[in-house]
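Structure record follows, encoded as structure tokens.
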DNA sequence: GTAGGGTTAG
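Residue numbers (this note's numbering): 26 to 377.
In structure tokens:
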């Protein structure tokens, strides 16, 4: 079972699990943590619930941590709180890992202040705990508190690692805090922090969102490790800084170099087309999603295309595109009709 | 166990 789980063959793993004559904590945990590890968070939680119902076994540390991580990812506060109660009631040994996972779960579910309470009560505060707490503040637009926490962390003698720096850079990008962002960049250089693809992307994004597109370009070209997200953040950044032509160049370069494109890349590229009114190119890009890249366009892609067509005055074509998505729910069609109508409205106002 | 990239309209 372990072997299949490691290979990600979850169907076989689950089947073997069901066929087992007896199951101990280790086998339940094996199934839960491999589901969580492969991103099947729903399944992880389902199995956890089944374990509580069907067996008299008590979950161990690793089962609790895996399930909590699934709760974090799915923002499932109900199950997360249940586990918290279980830990309190049974006086389960609150290990560092469990404490960290609980704080992370509360923060991701938006219960920042509850997370902070647990954070304060935690006798051991490692860098993971500090990061989880800082992420919570950043995620919910409380960047000041994240910065304050960062200062406390340094006073406590904890060295910031990549995770901490990325979290802060994201906060800078969100709030346009260029000076803080530059300071972090300086810290990275001075302390020889490895600029991996995640740090690189966070820097590019921070500079672009703070309006320093030149610095964003510089970081991008200096960073050796680049992936889909790095390219996408620059494409989007160029667009937001009024350089959509250059964003398109980057997109063509990305294709020719052979970097994988994903759905977010296409949102960025279609947005670039929209900004400079490249109808022909936008159409081509949109249809290449399915034909070349085997990516199923989502509502946001249709939305970009419809917007592009409507603004160009091609209202009938835009309507045809909406008709193409008839199989979608009515709810998801609403924003599409909105862009169509708003474009139509503009034309009416202009007397066209 | 903790990090990065997401359209549009009003």
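Glycine included, C-beta positions come from ideal geometry on N, C-alpha and C.
- Distances from the CA of residue 236 to each of 285, 265, 252 were compared; the closest alpha carbon is that of 265.
- Membership of residue 194 in the alpha helix (DSSP H) is indicated by the continuous run 187–200.
- For residue 159, same chain residues with a beta-carbon under 6 Å away, outside a window of 5 residues either side, are 171, 174, 192 in chain order.
- Look at residue 233 here: in three-state DSSP terms it is helix.
- Under the criterion of beta carbons closer than 8 Å, residue 306 and residue 273 qualify as touching, at roughly 7 Å.
- Between the segment 89–106 and the segment 142–156, the count of C-beta pairs closer than 8 Å stays below three; the two stretches do not touch.
- Judged by DSSP in its simplified three-state form, residue 115 adopts coil rather than helix or strand.
- Counting other Cβ atoms within 10 Å of its Cβ, residue 28 stays below 16 and is therefore classed as exposed.
- Taking the C-beta atoms as reference points, residue 59 is found nearer than 9 Å to residue 30.
- Rounded to the nearest angstrom, the Cβ distance from residue 86 to residue 34 is 26 Å, too far for a contact under 8 Å.
- Between residue 197 and residue 165, the CB-CB gap reaches or exceeds 9 Å.
- The alpha carbon of residue 271 has as its nearest neighbour, out of 301, 285, 230, the alpha carbon of 301.
- In this structure, residue 229 lies away from residue 267, with their beta-carbon atoms at least 9 Å apart.
- Less than 9 Å separates the beta-carbon of residue 206 from that of residue 231.
- A Cβ-Cβ distance of about 6 Å is found for the pair residue 361 and residue 328, placing them in contact under the 8 Å criterion.
- Sorting 330, 79, 216 by C-alpha distance to the C-alpha of residue 299 places 330 at the top.
- Residues 304 of the same chain have their beta carbon placed closer than 8 Å to that of residue 339, with the five preceding and five following residues left out of the count.
- Under the criterion of beta carbons closer than 8 Å, residue 128 and residue 144 qualify as touching, at roughly 5 Å.
- Closest option to residue 73, judged by alpha-carbon separation, among 53, 204, 32: 53.
- Taking C-beta atoms under 8 Å as the contact rule, residue 293 and residue 260 qualify, at a distance of about 4 Å.
- Apart from the 5 residues on each side of it in sequence, residue 117 sits with its Cβ closer than 8 Å to the Cβ of 89, 111, 123 in its chain, given in chain order.
- When rounded, the separation of the alpha-carbon atoms in residue 277 and residue 218 is 31 Å.
- Residue 125 has its alpha-carbon roughly 22 Å from the corresponding atom of residue 50.
- Judged by their CB atoms, residue 213 and residue 223 are not nearer to each other than the 9 Å cut-off.
- By alpha-carbon distance to residue 341, the top candidate from 64, 365, 216 is 365.
- For residue 288, the uninterrupted alpha helix (DSSP H) run begins and ends at 288–301, by DSSP.
- Under the rule that a run must span 4 or more residues, the alpha helix (DSSP H) segments found entirely inside the segment 133–181 read 137–146, 152–164, 168–180.
- In this structure, the CA atom of residue 109 is about 21 Å from the CA atom of residue 55.
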